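The listed protein sequences derive, respectively, from chains A and B. Numbered per this note's numbering, the first sequence finishes at 779, counting up by one with no gaps. Numbered per this note's numbering, the second sequence finishes at 352, counting up by one with no gaps.
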Amino acid sequence: MNLLDQAKQAVQGMAQAVMTKAVALAPDSWVPGGQPDPLMHSKHGLIGAPVSRLDGPLKVTGKAAFAAEFPLPDMVYAALAYSTIAKGRIRSLDIARAEKAPGVVLVMTHHNAPRLQPPPLFLSEEKAAAGDNLPVMQDDRIHWNGQPIALILAGTQEQADHAASLIRATYIEEDAQISIAAARAEGTTQSQFMGQPLHNESGDAEAALAEAPFKVDATYTTPRHNHNPIELHAVTLFWQGGVLRVHDAQQLVTHSAFTLSRVFDIPEEKVIITSPYVGGGFGSKSLWQHHILAAAAARMAGRPVRLMLSREGVYRIVGGRSPTEQRVALGATADGKLTALIHSGLTVKTPHNAMPEPFILPTRSAYAADNILLDVRHVELDMLGNTFMRAPGEAVGTFALESAMDELAEKLGMDPIELRLRNEPEKDPTSGLPFSARHIAQAWRTGAERFGWHRRKPVPGTVREGEWLVGMGCATATYPYYRMPGGAARLTLTSDGHVTVDVAVHEMGMGTATVQSQVTAERLGLSIDMIRFNYGDSTLPGLIMAGGSQQTAATGASILAAYDALKKELVALAGNSSPLAGLKPDEVGSRDAGLCKLDEPDRYDSYAAILGRARREEVRVEASPPPPLETMHWSMHSHGAMFCEARVNIVTGEPRISRFLGSFDCGRILNPKTAASQFRGGIIMGLGLALMEETQFDERKGRIMNANLADYHVPVHLDVPEIDVIWTDIPDPHTPMGARGVGEIGITGTGAAVANAIYNATGKRIRDLPITLDKLL
Amino acid sequence: MTPFTYARASDVPDAVRLASLEATKYLGGGTNLVDLMRETIERPEALVDVTGLSAAIEDHQGGLLIGAAARNTALAEHRMVRETYPVLARAILSGASAQVRNMATVGGNLLQRTRCAYFYDPEGSRCNKRSPGEGCDAVGGFNRMHAILGASSACIATHPSDMCVALAALDALIHVQGPAGERTVALTDLHRLPADRPDLDSTLEPGELITAVALPSLPTGAHSTYRKVRDRASYAFALVSVGAVLAVEDGIITDVRIALGGVAHKPWRASTAEAALRGRQATPENFRAAAEAELLDAQPLRDNGFKVPLAIRTITATLGELTGENA
């Protein structure tokens, strides 16, 4: 970083610090969320109703078209060839056989690719979406093993794949930094995340640890993970009169459209991305090199292009989760009060991205301790840019922290739940902010009762059924409430009483359209079939990513803002003959397809009557919610109490999970059916993290060796027991609808709950994920 | 995938005739071969589809004769297989998924190729099995899944089949027909150890076609079973598997056959352990001692040392299970 950048960052940092302080101290009522959303108390309506997914019938009948399912006239199919070295230059690229192969339309390499701008890196500016900022195929340089070196277009996918296999490259290899140990020996760097250092310090944690009568000081390691959404990353795209139109699998349509426009140096509105259905994202469906290369090739060939990555292709050009090595040291008094809490360690990133795995995030608000030291450092390797993967930070950070809490509980001779409850903080231990809502104790109590925690034997290795040792473990799950800036939504109310919502959000299978239709219908006093919800289109209002479990809140806040604008418009239109005459917009609410005075519901005017009298066919409003200052005013987090029953075979060491329960405190649950699927899905992914997921990154060549679903293990049906999920359903008074996100929390805490259950079953403490049978023999 | 021609064989001589070209492969269910072709590891110029040949499963000299085109599912569900050769039914059902087993043929299963990750990476890794003489990147790489018995410096790959482990324990005979006529080869002689020719998985001559598998009858009073140890509960290759046939009379072992999967370049017949057990008392101590004797020559690699104790424990437990009342 040069001096100017440093100065800029320092000024920004100071300004941010002043702002942070001011927002923290502001009166509640000045801050978004200061007035509770009335919808959070709504009973017997659509909020909290188990509405089945509106897109369910389309999906089970195969009628929902995914990104690779748009056949276009004259379309050609793309395949990629990938580098086999980690760093260096392409010496020669023999494309002669590929060009002559049947059906080939184009072979694009760094020799003939159009000149492009580097893609703006995610987090580097408001709308940036790229996983790395490398100018791929713009020169002969290789930055990672697996970087695309050629793209083939052909008449069929098989022809393109065949031609790609005929490309022959030779390289001038350079010394690549691909070993963590070697990089570490040359020094580590303090990590930054979203512009802030991953470092917190209060008191003297090392000294307090040294003096503590009870302590744990251990190192926990987690491996690389790769993204494996069931739908492969794909685009079908074409250029139409200078406009790039992309059918995509996206969780950031607006960001990605902006990013592509910058790459091709065209106005933002000249890129249109639509993505109505996405077969899983988990942080991976952002903007990667395949988008850029496919669009460049389509422009060169003058034909529509479909590029669907192979499963190996996803491993080669879509980043995953970085490995971590975490130290957790806890010091406690005999009654279990934490006096020292240290969570620090190392992760890896690349020179061309901005994502150190932020594993201390969950620890910042976890426990009251007088002395806290949190720190993440990283080294940079020559590898594919790592990225966000379901609960980045929390997923692996809670494994270390919550394993250590279990170890401490045993040293204290204390029940691990009791130890956690004794260290419940009254305010956020690192920011000092009050909690917006924190009912973790209730989640623990109800969860423990339902799971039968009292039957757990505290002495490990004492319960055996046949060949199987049986144990129980628990851990805290946690994930923050986020709401990112940039939200907006448009509402169109027509004289027949229908409402259309336009907002550029995403449906990756979690039920977005369903839940937001419920929320909109409830807010406007309509039935759900009166709502049309348009989304997944970069031309719609709003800059709302499906990430950070924030989409529900950000969308809800945007629709709320638009609703307020709609009320204002309708009250103005209602006129003097209306029962609403003379009322201010704030004094009215909705019921039964109309507006009424909030404290006098009989003063009512239907939407149809208001529009009819005003001779209007429709009313259309668009609005943005206030910036998300609530997250600087309160400490806002969801929690869960995770319970696991594990079995370990005494002959073979095979670990199997026989029961799991998640007891969550995530504010108001808007739809128990879709929320339960999110919780369960997260927990299943957590079981994979605990027991099997591991990318084999060969440090000799920087190459991923298990780039397929046969060798990279995720849980299969037989690995997943019945998973019970329950929730407090206590609204958060400072969030839209009283809800907090539910998409990521399920994967947090799960790894530690499994490890702690395995310890209770066997007496073996495994601090290195995944917990495979060889570690238990 | 490299373009190829396709022909469907009407009978065995037709298949052998069609396959006389050098770069021809017989196609069964395609569950492995097509995958390897997609990865460009196999690049046949011609495929001869043999799924129309005999898939019959018939009584044969007190045992069974199984047409090579029989689907894995059909074999696992066959009444006599389930009742008389449970080791075989269990082995087949522990492999792959129901969909894959519905497609996979018995002949094709016998000729599955290794799942070594370096073998499967033709673009980026060296492999003597793919390209003889270029070297082996698995030796110094990720080799948790690899061989502990019978490997060579040229190749440490394992054979992935579950079914073959059971067939090895059952003394199955493989019927083969080729340009030079018919012959029969013992299952245990069908697959090879790698030595300095890891490119050769089997002892089949060019153009030879597996036409049937013969299962001899089992000794009186014999019980059999298959136990597979793996990293997840289903759809994973064996770290170690054990197929065993055991006959005990008055506490004395009258017959025992043990085959191991996941430990070698071929289904590993544990003849040292068998010799140590024949005529001895069927006790856990004897089982364990025999298993230890079998693994005495094991040569673990960087990542797979655990397979040695795992194999010993699994052999011991499997034989123990066969002496139990429920076997």
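Don't be surprised by glycine CBs; every beta carbon is placed ideally from N, CA and C. Here the structure is a predicted model, which means the values were calculated and not measured.
- In this structure, the CA atom of GLY58 of chain A is about 10 Å from the CA atom of LYS65 of chain A.
- The C-beta distance from ALA239 of chain B to LEU198 of chain B rounds to 4 Å, short enough to fall under 8 Å.
- Shown here for LEU335 of chain B: same chain residues with a beta carbon closer than 8 Å to its own, the five before and five after excluded, namely VAL254, LEU264, VAL265 in chain order.
- Non-local beta-carbon contacts of GLU175 of chain A in its own chain, meaning distances under 6 Å to residues more than five positions away in sequence, involve ILE87, GLY90 in chain order.
- Assigned with DSSP and collapsed to three states, GLN252 of chain A falls in coil, not helix or strand.
- The distance from the Cβ of ASP721 of chain A to that of LEU689 of chain A is about 7 Å, consistent with a contact at the 8 Å cut-off.
- PRO603 of chain A counts as exposed, since fewer than 16 other beta carbons sit within 10 angstroms of its beta carbon.
- Against chain B, a Cβ distance below 9 Å from THR224 of chain A picks out nothing, because the smallest value is about 17 Å.
- Rounded to whole angstroms, the gap between the alpha carbons of PHE29 of chain B and ALA100 of chain A is 17 Å.
- Excluding five sequence positions before and after ASP607 of chain A, the CB atoms of its chain that fall closer than 8 Å to its own CB belong to ALA576, SER580, PRO581, LEU582, GLY596, LEU597, CYS598, given in chain order.
- Considering only A:SER263, A:TYR279, A:LEU340, the residue with the shortest C-alpha distance to LYS272 of chain A is A:SER263.
- Cβ proximity to chain B below 8 Å picks out LEU693, MET694, GLN698 from the region 670 to 699 of chain A.
- Linking ARG308 of chain A to LEU239 of chain A through their CA atoms gives a straight-line distance of about 7 Å.
- In this chain, the alpha helix (DSSP H) harbouring LYS102 of chain A covers 98 to 102.
- Under the three-state reduction of DSSP output, GLU270 of chain A falls in the helix class.
- Residue contact check for GLY304 of chain B against chain A: no CB pair falls below 7 Å.
- A direct Cα-to-Cα measurement between HIS216 of chain B and ARG140 of chain B gives close to 16 Å.
- Not a single C-beta of chain A is nearer than 7 Å to the C-beta of GLU159 of chain B.
- The residues GLY50, GLU524, in chain order, have a CB closer than 8 Å to that of SER44 of chain A in the same chain once the five nearest residues on each side in sequence are set aside.
- The beta carbon of HIS293 of chain A is closer than 6 Å to those of VAL237 in its chain, skipping five residues each way along the sequence.
- Assignment of HIS229 of chain A by DSSP, reduced to helix, strand and coil, places it in the coil class.
- Within 7 Å of the CB of TYR260 of chain B, the CB atoms of chain A belong to VAL718, in sequence order along the chain.
- Using beta-carbon distances, MET302 of chain A does not count as an interface residue toward chain B, since no partner is under 7 Å.
- Contact between the region 380 to 387 of chain A and the region 413 to 426 of chain A is absent: fewer than three C-beta pairs spanning the two stretches fall below 8 Å.
- Interface annotation, ASP256 of chain B: in contact with chain A, CB-CB separation under 7 Å.
- Not a single CB atom of chain B sits nearer than 7 Å to the CB of ARG170 of chain A.
- Not one beta carbon of chain A lies nearer than 7 Å to the beta carbon of PHE312 of chain B.
- Under the 7 Å criterion on CB atoms, GLY120 of chain B is classed as non-interfacial with respect to chain A.
- Taking the beta carbon of ALA142 of chain B as reference, the chain A residues within 8 Å of it are GLN698, MET707, ASN708, ASP713, listed in sequence order.
- Interface annotation, THR65 of chain B: in contact with chain A, CB-CB separation under 7 Å.
- It is roughly 8 Å from the alpha-carbon of SER288 of chain A to the alpha-carbon of VAL255 of chain A.
- In this chain, ILE530 of chain A is not harboured by any alpha helix (DSSP H), its DSSP state being neither H nor E.
- Chain B places no beta carbon closer than 7 Å to that of HIS257 of chain A, leaving this residue out of the contacts.
- Residue range 58 to 63 is occupied by the alpha helix (DSSP H) that includes ASP60 of chain B.
- With distances taken between CA atoms, ALA754 of chain A lies nearest to A:ARG767 out of A:ARG767, A:ARG534, A:ALA712.
- For VAL270 of chain B and ARG457 of chain A, the gap between their C-alpha atoms comes out near 41 Å.
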